[in-house]
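**Student:** First, the structure itself, so that you have it in front of you.
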Amino acid sequence: MRICMIGTGYVGLVTGCGLAEFGMKVTCVDKVAEKIEMLEQGELPIYEPGLKDLVEKNVKEGRLRFSTDIPEAIRNSLVIFLAVGTPSDDDGGADLSYLFNAVDEIAENLNGYKVVAIKSTVPVGTAKQVSQRVVSLARNVAFDVVSNPEFLREGSAVEDFLHPDRVVIGTESEQAVAIMKDIYSPLYLIETPFVITNNETAEMIKYASNTFLAAKISYINEVANICEIVGADVHVVARAMGLDGRISRKFLHPGPGFGGSCFPKDTRALYHLAKEKGYDPALIGSVIQVNENQKRRMVEKIQRMVGGNLAGKVIGVLGVSFKPNTDDIRESPAIFVIRNLLKAGASVKVFDPAAMEEAGKVFDNTIAYANNAYEVAEGADAIVLMTEWNQFRRLDLQELKNRMRSPVFVDTRNVYDPQKMKQAGFFYEGVGR
Ligand SMILES: NC(=O)c1ccc[n+]([C@@H]2O[C@H](COP(=O)([O-])OP(=O)(O)OC[C@H]3O[C@@H](n4cnc5c(N)ncnc54)[C@H](O)[C@@H]3O)[C@@H](O)[C@H]2O)c1
2 MRICMIGTGY VGLVTGCGLA EFGMKVTCVD KVAEKIEMLE QGELPIYEPG LKDLVEKNVK
62 EGRLRFSTDI PEAIRNSLVI FLAVGTPSDD DGGADLSYLF NAVDEIAENL NGYKVVAIKS
122 TVPVGTAKQV SQRVVSLARN VAFDVVSNPE FLREGSAVED FLHPDRVVIG TESEQAVAIM
182 KDIYSPLYLI ETPFVITNNE TAEMIKYASN TFLAAKISYI NEVANICEIV GADVHVVARA
242 MGLDGRISRK FLHPGPGFGG SCFPKDTRAL YHLAKEKGYD PALIGSVIQV NENQKRRMVE
302 KIQRMVGGNL AGKVIGVLGV SFKPNTDDIR ESPAIFVIRN LLKAGASVKV FDPAAMEEAG
362 KVFDNTIAYA NNAYEVAEGA DAIVLMTEWN QFRRLDLQEL KNRMRSPVFV DTRNVYDPQK
422 MKQAGFFYEG VGR
């Protein structure tokens with residue numbers, strides 16, 4: 002079966018490559034020519050563990066190719082996946098302009114029955130709008146729109162795509178269900194649950210899942226903040242909570258607030274959608290508010306730890322990506338923290354194992370860039386650990402301390418043991434302990 006994947010970003014590239022691995026003939030297209038050129042030369046435009054080998058293998062075996070000729074790829078495919086970005090618009094809703102540009106291109110090149118599969122995260126009702134748009138532009142050609150949300154996580158995207166917890170297929174068409182089941186048939190062998198439902202329910206499943214995970218993070222962050230006041234240790238609290246099977250220990254790690262390309266925008270989009278429909282989503286509103294407060298608390302913590310005034314202080318930041326094993330810094334809490342440190346008059350030095358180039362695009366020459374954690378420490382008044390990369394888990398504490406102007410360590414990910422940090426001579430603070 003021939004497949005066209007529109008959008009060659011974190012989701013499109015992994016999904017396209019994964020479907021090729023399942024035996025499909027996949028053409029990944031993007032409107033950014035540089036990305037396609039890189040891919041054609043065997044380079045990846047993103048950092049994602051395990052992806053390069055899989056791309057190489059499937060290109061070599063003739064199942065995967067890259068192109069900027071979007072019309073040709075559409076015309077030659079039975080199924081067209083949409084994996085373009087759906088960022089927040091100014092009101093917090095989802096900006097669907099990339100999606101509808103791609104939909105128009107599909108409609109203009111509809112030369113026979115095709116399935117349009119929406120992988121992008123889109124508000125409930127979008128599949129119906131896509132359908133109407135295609136009908137209005139391409140009369141008398143049969144097609145089906147399937148909502149097929151993606152649940153992969155950056156940093157373990159390849160593994161997640163090949164071994165998903167579930168596959169959601171939303172459509173009213175039996176023919177489209179049969180085609181989608183065929184595409185994902187290798188997953189039957191590993192007994193992956195399939196949820197077959199209508200478009201609206203499939204669209205809602207994605208938002209409800211992401212918002213729930215975001216809520217879990219905001220919840221434990223709130224508990225952590227209360228722990229700080231009452232003298233409890235949130236780590237022990239979270240562990241004991243997680244031992245309850247109804248709660249589960251996952252996503253109970255306190256930190257600087259959630260970030261990334263999904264949770265913030267998807268939580269806002271669901272909030273916005275509910276409001277638009279006349280419902281006040283009070284809980285979701287609080288999830289967003291608690292997260293904003295949490296990021297602000299981190300800045301206040303740093304300020305307090307350096308004696309109350311950030312002006313003139315040198316702050317070393319470890320990690321810029323929103324989580325380890327990715328170069329994605331979209332809405333990373335580190336960006337918020339760095340911006341506010343600069344605003345308060347501090348100078349900032351950063352190191353991230355994968356996201357230095359991305360950080361450079363945001364901060365240009367307003368901050369300094371180091372080659373490793375020890376360079377970050379050089380002359381610093383405080384170190385702030387923002388991303389729990391493995392490289393930062395076992396730093397040589399004496400070496401770090403020797404290089405610093407004052408041994409202040411703010412650990413927004415609770416990587417280090419407070420007692421050991423104290424013994425090593427640091428003024429140390431984590432979150433909620
Ligand atoms: N990143 C994740 O972890 C993740 C996980 C699940 C779902 N999602 C959802 O998947 C979608 C894509 O996310 P992403 O992180 O891969 O985005 P991304 O920004 O990394 O990639 C989107 C790509 O689409 C391309 N594009 C945009 N308009 C196009 C057009 N008209 N024609 C061809 N190419 C076009 C862009 O150039 C870009 O390369 C979003 O809706 C997101 O919410 C993301």
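One point on numbering: in this note's numbering, the residue at position 319 of the sequence shown is 320, and numbering is uninterrupted.
Glycine included, each C-beta is placed from N, C-alpha and C at the ideal position.
1. Could you give the first and the last residue of the continuous beta strand (DSSP E) run that contains lysine 350?
2. Let me make sure I understand the geometry here. Which of Lys362, Ala312, Leu45 has the alpha-carbon closest to that of isoleucine 330?
3. For aspartate 346, I'd like the list of residues in its chain whose CB is within less than 7 Å of its CB, leaving aside the five on either flank, ordered along the chain.
4. Let's test the definition: count the other Cβ atoms within 10 Å of the Cβ of lysine 344 and tell me whether it reaches 16, buried, or not, exposed.
5. Under three-state DSSP, which class holds methionine 38?
6. Assuming methionine 6 is part of the beta strand (DSSP E), what are its boundary residues?
7. Pick from Gln130, Ala143, Val104: whose alpha carbon is nearest that of glycine 113?
8. By Cβ distance, which residues of its chain are closer than 7 Å to alanine 356, with the 5 residues on each side in sequence left out?
9. Since isoleucine 384 is in the beta strand (DSSP E), which residue starts that stretch and which ends it?
10. According to DSSP, is glutamate 358 part of a helix, a strand, or is it coil?
11. Got a sec? Which residues, its chain only, sit under 7 Å from histidine 236 by beta carbon, not counting five neighbours each side?
12. Alpha carbon to alpha carbon, how far is glycine 156 from tryptophan 390? Give it in angstroms, no decimals.
13. Going by the beta-carbon positions, is the gap between lysine 402 and valine 377 smaller than 8 Å?
14. Among Asp145, Ile248, Glu151, which residue has its Cα nearest to the Cα of glutamate 204?
15. Rounded to whole angstroms, what is the Cα-Cα separation between leucine 396 and alanine 283?
16. In this structure, does DSSP put phenylalanine 427 in helix, strand or coil?
17. Would you kindly work out how many angstroms separate the C-alpha atoms of serine 68 and aspartate 281, rounded to a whole number?
18. Go through its chain and collect everything with a Cβ distance to proline 255's Cβ below 6 Å, but skip five positions before and after it.
19. May I ask you to report which of helix, strand or coil DSSP gives cysteine 263?
20. Between which two residues does the beta strand (DSSP E) containing alanine 118 stretch?
21. Looking at valine 288: is its Cβ nearer than 8 Å to the Cβ of threonine 268?
22. Hey, is the region 76–90 in contact with the region 108–126, meaning 3+ C-beta pairs nearer than 8 Å?
23. Helix, strand or coil: which one does DSSP assign to threonine 69?
24. Nearer than 7 Å: is that true of the beta carbon of glutamate 151 relative to any heavy atom of ligand 1?
25. So, are the CB atoms of phenylalanine 195 and glycine 19 less than 8 Å apart?
26. Starting from leucine 83, trace the beta strand (DSSP E) in both directions and tell me its first and last residue.
27. State the DSSP-derived secondary structure class of aspartate 183, mapped to helix, strand or coil.
28. Check serine 210 in the structure and name its three-state DSSP category.
29. Looking at the structure shown, is tyrosine 272 part of a helix, part of a strand, or coil, going by DSSP?
30. So arginine 404 packs on aspartate 382, CB below 8 Å; how close in whole Å?
31. Comparing C-alpha positions only, which one of Pro257, Leu188, Lys182 sits nearest to histidine 164?
32. Please classify glycine 19: does DSSP put it in a helix, a strand, or coil?
33. Report buried or exposed for glutamate 400, applying the criterion of at least 16 other Cβ atoms within 10 angstroms of its Cβ.
34. Can you give me the C-alpha to C-alpha distance between asparagine 1 and tyrosine 417, rounded to a whole angstrom?
35. Could you give the DSSP three-state label for glycine 171: helix, strand or coil?
36. Name the DSSP bridge partner or partners of aspartate 412?
**Tutor:** According to the structure data:
1. 348–352
2. Selection Lys362, Ala312, Leu45 evaluated against isoleucine 330 yields Lys362 as nearest (Cα-Cα).
3. One detail in the question is off: residue 346 reads as glycine in this sequence, not aspartate. Leu311, Ala312, Gly313.
4. exposed
5. What sits at residue 38 in the sequence shown is glutamate, not methionine. Glutamate 38 falls in the helix class under three-state DSSP.
6. From DSSP, the beta strand (DSSP E) with methionine 6 extends over 3–7.
7. Ala143
8. Taken in chain order, the residues that qualify are Val321, Ser322, Asp328, Ile330.
9. 383–386
10. helix
11. Asn415, Arg434
12. 11 Å
13. no
14. Among Asp145, Ile248, Glu151, the Cα nearest to that of glutamate 204 belongs to Glu151.
15. Leucine 396 and alanine 283 have their alpha carbons spaced roughly 42 Å apart.
16. coil
17. Straight-line Cα distance between these residues: approximately 44 Å.
18. Ile221, Asn222, Ala225, Val235, Val432, Gly433
19. coil
20. Here the beta strand (DSSP E) through alanine 118 covers 115–119.
21. yes
22. yes
23. coil
24. yes
25. no
26. 80–83
27. helix
28. Helix at serine 210.
29. helix
30. Contact between arginine 404 and aspartate 382 does not hold, since their C-beta atoms are separated by about 12 Å, which reaches or exceeds 8 Å.
31. Leu188
32. helix
33. exposed
34. In this structure the chain extends from 2 to 434, so residue 1 is not present and cannot be described.
35. strand
36. Leu386
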